[in-house]
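Peer 1:
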Amino acid sequence: MNYLADQVVEKIKNTVARLEADGAIPAGLDIRPEVERPANPAFGDFSCNFAMRYAKQTKKPPLVVAQAAADLLRQDPDIESAEGVKPGFVNLRLSPRVLMAECDHIRRLGADYGRSDAGRGRRLLLEFVSANPTGPLNIVSARAAAVGDSLARILRSQGVDVATEYYVNDAGNQAQLLGASLLARYRQSLGEAAEVPEEGYQGEYVAELAGEIAREQADAIQAARAGQNPQARLLALFREQGISKIVGWHQRDLQSFEVQFDAWFREQHLVTPPDGSGIRTFGEVIEDLQARGHLFEQDGALWFRSTAFGDDKDRVVKKSDGSFTYLATDIAYHVHKYARGYAELVDIWGPDHHGYIPRMKAAMQALGHPPEAFRVLIAQQVNLFEAGQPVAMSKRAGKFVTMADLVREVGRDVARFFFLMRATSAHLDFDLDLARKHTEDNPVYYVQYAYARICSILSKAADENLAAPAVDQAALAGHAPAAEELALARELAAFPETLAACAVALEPHGLAFYLRDLATLFHRFYTVCRVLDAGDPETSRSRLALVQAVRQVLQNGLSLLGISAPQTM
RNA sequence: GCGCCUGUAGCUCAGUGGAUAGAGCAACGGCCUCCGAAGCCGUUGGUCGGACGUUCGAUUCGUCUCAGGCGCGCCA
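For the first sequence, counting from 1, position 351 maps to 350 in numbering that gives the first Met the number 0; every step adds exactly one.
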């Protein structure tokens, strides 16, 4: 794709080549200019700092080089003005014709506008949410879901081959505790003496779920009771049924949040791989670590020497009772990701797991994978606020602490946008009062309103048989764009760079801010500039093209955030 | 004690080496005979927690420090 910023960079590269040819700067310096968009519009549409950045190599005062570059750039008919200023910036302004022509580019590319092939050839596995299947998804999971899903969409738009995956921890201690908790509740419902384990699950959903399983699995339960070793068989039954039910909840919640996972990977498959899967068991992976000399025995347990790779302390992989830790299967899981051909692994974890990062990185390194290939994003804590007060995060008493409750309360679009308005690593205060407002001040509606307004204009234009033709010089001849139109066109042209930056940073929130800014410029334009004017068809056509381009970019951007673009509100 | 995250306007936050640090909310004052007022315009509001360093240039990078949150298990 050849976007506007790329074209400007190209022009500056050519200018640098001419400066070298003219002897204004030494030849063969390998100057790679980059452009940025100055915050202050007085400095023009684009600004370039190559004269300062390469001042040591050119051995010329940056200001002199910048001015010489500006003199050459001014000869380009696409450039309205160029100047070399103060410390050594080259500031340039594109001609209105070039800026407005971007609208045609956008309309022509449609849903592809903003796409890039910069990430082509990269295969990346993005794992997120991966909550223990022992209870309903919570708010942090919702945040991770919004971020992960949007990030996957953005990376794909940049040409990266992304697969999304949810790791189901169905094999460990927590799964066992869930089974024991369910079984205890079941026994209690029969009037038998039973206690939920000390560290088990106490939530009300456990008793309900136990009842559900008892009803649905009556025959299997009876068979288990009648057979040998009924206690173990019942426990296994309740554990498996419980996990399966709760995974179903998770799948349902995420689906209603429009979050797509390409795969749900079960930890159990690392213990007993399905036939033909080719999965290496965690035991084999631990042996691999052993063979590489990264394990040692102490106090009857088997330890991974993660300190050799920068961890604070060494970590147990096999406990003295012979069972394995979560780390053991998790290492095997990540090894399996590489084995499937993914060269880059990105995980989104909850805030309570940040201490876990060094040991996983250590394990990946110990097994020969480059440390930079495995990255972890921490979806930081979410605090709900209502009436200015923090909402107590208790699983009891109707406070919507679950993801399903939140989505039900404020809606998918609002929930996603609120999560995506913050840097993933930043703690998030979620203002429920603001999120609930359906008519005022809610930033989601602000963006969607811009979209709906445009749809309204376009449907009116259709009624009046007004179409927007290409914005060529002829179409512009009778219409000089207002400042608000140029500002809007400029912002539209920044969309591809915004997406590229989000992809590099693995942070979708820049896109949310971009869309809000774009909506602001549109609303401003709308207030000042009338689009449909029977008495001025040239202006109408030009503005229709602009407005169509805005609609397209809003649509593309909202779609990457997983937020709807309603034609009417 | 060690580690991670965070300190930017009254509040919630953008701004990952550039030029006069921005937006939303809140407060105050304006704008609909005209494409959707869920909108627009204006005013008020800042020692970018602090110190030192690197740099032509630091809110941004480094070191130290103060404050808040979280984590530090043969749980996951």
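Positions of the beta carbon are idealized from the N, C-alpha and C atoms, including for glycine.
What residue does the alpha helix (DSSP H) around D432 start on, and which one ends it?
Peer 2: For the purposes of this step, residue 432 is taken as the residue at position 433 of the first sequence. Note, D432: alpha helix (DSSP H), 431 to 435.
Peer 1: For V246, which residues of its own chain have a beta-carbon under 8 Å away from its beta-carbon, when the five flanking residues on both sides are left out?
Peer 2: Mapped onto the first sequence, residue 246 falls at position 247. Excluding positions up to five away in sequence, the list reads P132, V167, D169, W263.
Peer 1: Within its chain, find whatever has a CB closer than 7 Å to the CB of L405; leave out the 5 residues flanking it on each side and keep chain order.
Peer 2: By one-based count along the first sequence, residue 405 stands at place 406. Answer for L405: I138, A141, F399, A414, listed in chain order.
Peer 1: Between A193 and R224, what straight-line distance do the alpha-carbon atoms span, to the nearest angstrom?
Peer 2: Here the question's residue 193 lines up with position 194 in the first sequence. Here the question's residue 224 lines up with position 225 in the first sequence. Near 16 Å, if we compare the C-alpha coordinates of R224 and A193.
Peer 1: Who pairs with I347 in a beta bridge, going by DSSP?
Peer 2: To locate residue 347, count along the first sequence from 1; it is residue 348. Partner(s): L376.
Peer 1: Please state the DSSP three-state secondary structure of F256.
Peer 2: The residue labelled residue 256 in the question sits at position 257 within the first sequence. In the structure shown, F256 sits in coil (DSSP, three-state: anything other than H, G, I, E or B).
Peer 1: Around the C-beta of L189, are 16 or more other C-beta atoms found within 10 angstroms, so that it is buried, or is it exposed?
Peer 2: In the first sequence, the residue the question calls residue 189 occupies position 190. By the 10 Å Cβ count, L189 comes out exposed.
Peer 1: What distance in whole Å lies between the Cβ atoms of R184 and A217, which are believed to be in contact at a cut-off of 8 Å?
Peer 2: Mapped onto the first sequence, residue 217 falls at position 218. Mapped onto the first sequence, residue 184 falls at position 185. That belief does not hold up - the Cβ atoms of A217 and R184 are roughly 16 Å apart, past 8 Å.
Peer 1: What number of angstroms, rounded off, separates the C-alpha of N39 from the C-alpha of R489?
Peer 2: In the first sequence, counting from the first residue as 1, residue 39 sits at position 40. In the first sequence, counting from the first residue as 1, residue 489 sits at position 490. Cα-Cα distance, rounded: 13 Å.
Peer 1: Ignore the nearest five residues each way along the sequence and tell me which others in P272's own chain have a CB closer than 7 Å to its CB.
Peer 2: Position 273 of the first sequence, counting from 1, holds the residue named residue 272. Closer than 7 Å at the Cβ level, and outside the excluded window around P272, lie I278, T280.
Peer 1: R395 by DSSP, collapsed to three states: which one?
Peer 2: Within the first sequence, residue 395 is the residue found at index 396, counting from 1. Since pLDDT at R395 reaches only 40, below the 50 mark, its modelled position is unreliable, and the value read off the structure follows with that caveat. Three-state result, R395: coil.
Peer 1: Once DSSP output is grouped into helix, strand and coil, what is the label at I212?
Peer 2: By one-based count along the first sequence, residue 212 stands at place 213. DSSP places I212 in helix when its eight states are reduced to three.
Peer 1: Whole angstroms is fine: what's the gap from V284's alpha carbon to H249's?
Peer 2: For the purposes of this step, residue 284 is taken as residue 285 along the first sequence, with counting starting at 1. For the purposes of this step, residue 249 is taken as residue 250 along the first sequence, with counting starting at 1. About 29 Å.
Peer 1: Which same chain residues, not among the five before or five after Q173, have their C-beta less than 7 Å away from its C-beta?
Peer 2: In the first sequence, the residue the question calls residue 173 occupies position 174. The answer, listed in chain order, is N131, T133.
Peer 1: With a cut-off of 8 Å on the beta carbons, I'd call Q74 and A117 a contact; round off their distance for me.
Peer 2: For this step, residue 74 is matched to residue 75 along the first sequence. For this step, residue 117 is matched to residue 118 along the first sequence. Rounded, the Cβ-Cβ distance is 31 Å, inconsistent with contact.
Peer 1: Going by C-alpha to C-alpha distance, which of L301, L545, V334, S46 sits closest to S319?
Peer 2: As a first step, residue 319 is located in the first sequence; it is residue number 320 there, counting from the start. That would be L301, whose Cα lies nearest to the Cα of S319.
Peer 1: Where do the ends of the alpha helix (DSSP H) carrying I456 lie?
Peer 2: Start at 1 with the first residue of the first sequence, and residue 456 comes out as number 457. From DSSP, the alpha helix (DSSP H) with I456 extends over 442 to 462.
Peer 1: Taking 6 Å as the limit between beta carbons, can you name the residues of its chain near A69, skipping five residues before and five after?
Peer 2: One-based indexing of the first sequence puts residue 69 at position 70. So the qualifying residues of the chain are A81, E82, G83, V89.
Peer 1: Does P480 pass the burial test, meaning 16 or more other C-beta atoms within 10 Å, or should it be called exposed?
Peer 2: One-based indexing of the first sequence puts residue 480 at position 481. Result: buried.
Peer 1: Inspect the CB distances between the region 369 to 381 and the region 420 to 434 and report whether three or more fall short of 8 Å.
Peer 2: The region 369 to 381, when compared against the region 420 to 434, does touch it at the 8 Å Cβ threshold.
Peer 1: Would you call V503 buried or exposed, if buried means 16 or more other Cβ atoms sit within 10 Å of its Cβ?
Peer 2: In the first sequence, the residue the question calls residue 503 occupies position 504. Classification for V503: exposed.
Peer 1: Rounded to whole angstroms, what's the CA-CA distance from E203 to A327? Just pull it up for me.
Peer 2: Indexing the first sequence from 1 puts residue 203 at position 204. Indexing the first sequence from 1 puts residue 327 at position 328. Between E203 and A327, the C-alpha separation is close to 32 Å.
Peer 1: Alpha carbon to alpha carbon, what distance is there between T497 and E537?
Peer 2: The residue labelled residue 537 in the question sits at position 538 within the first sequence. The residue labelled residue 497 in the question sits at position 498 within the first sequence. So the alpha carbons of these two residues sit roughly 31 Å apart.
Peer 1: Taking the alpha carbon of F45 as the reference point, which residue from T57, R17, I78 has its own alpha carbon closest?
Peer 2: Numbered from its first residue, the first sequence carries residue 45 at position 46. When each option's Cα is compared against that of F45, the closest is I78.
Peer 1: Would you kindly report the start and end of the unbroken alpha helix (DSSP H) that includes Y200?
Peer 2: Locating residue 200 in the first sequence gives position 201, counting from the first residue. It is not in any alpha helix (DSSP H) - Y200 carries neither H nor E in the DSSP assignment.
Peer 1: Quick one: give me the first and last residue of the beta strand (DSSP E) that I220 is part of.
Peer 2: Locating residue 220 in the first sequence gives position 221, counting from the first residue. Unbroken run through I220 is the alpha helix (DSSP H), 217 to 225; no beta strand (DSSP E).
Peer 1: I believe Q259 touches D148 by the beta-carbon criterion, under 8 Å. Please report the beta-carbon distance rounded to the nearest angstrom.
Peer 2: Indexing the first sequence from 1 puts residue 259 at position 260. Indexing the first sequence from 1 puts residue 148 at position 149. Q259 to D148, Cβ: 7 Å. Contact.
Peer 1: Express the C-alpha separation of E198 and V270 in angstroms, rounding to a whole number.
Peer 2: Start at 1 with the first residue of the first sequence, and residue 270 comes out as number 271. Start at 1 with the first residue of the first sequence, and residue 198 comes out as number 199. Their Cα atoms are separated by approximately 24 Å.
Peer 1: Whose CA, out of A564, A449, A372, lies closest to the CA of T526?
Peer 2: Mapped onto the first sequence, residue 526 falls at position 527. Closest by alpha carbon: A449.
Peer 1: Around the C-beta of K10, are 16 or more other C-beta atoms found within 10 angstroms, so that it is buried, or is it exposed?
Peer 2: The residue labelled residue 10 in the question sits at position 11 within the first sequence. Its Cβ being crowded by 16 or more others within 10 Å, K10 is buried.
Peer 1: Between which residues of its own chain and H478 is the CB-CB distance below 7 Å, once the five residues before and five after are set aside?
Peer 2: Within the first sequence, residue 478 is the residue found at index 479, counting from 1. Only E537, T538, S541 meet the Cβ criterion.
Peer 1: Assuming Q187 and R238 are in contact, meaning their beta carbons sit under 8 Å apart, how far apart are those beta carbons, in whole angstroms?
Peer 2: Looking up residue 187 in the first sequence gives position 188. Looking up residue 238 in the first sequence gives position 239. The Cβ separation is near 17 Å, so there is no contact.
Peer 1: How would you call L559, buried or exposed, if buried means at least 16 neighbouring beta carbons within 10 angstroms?
Peer 2: Numbered from 1 along the first sequence, position 560 holds the residue referred to as residue 559. Buried: at least 16 other Cβ atoms inside 10 Å.
Peer 1: Pull up the DSSP beta-bridge partners for W302, would you.
Peer 2: In the first sequence, the residue the question calls residue 302 occupies position 303. Per DSSP, F295, V315.
Peer 1: Check whether the Cβ atoms of L553 and L514 sit closer than 8 Å, and answer yes or no.
Peer 2: Residue 553 sits at position 554 when you count from the first residue of the first sequence. Residue 514 sits at position 515 when you count from the first residue of the first sequence. Closer than 8 Å, so yes.
Peer 1: Apart from the five residues on each side of it in sequence, which residues of its chain come closer than 7 Å, Cβ to Cβ, to R314?
Peer 2: Looking up residue 314 in the first sequence gives position 315. Answer for R314: W302, F303, S305, L326, R358, listed in chain order.
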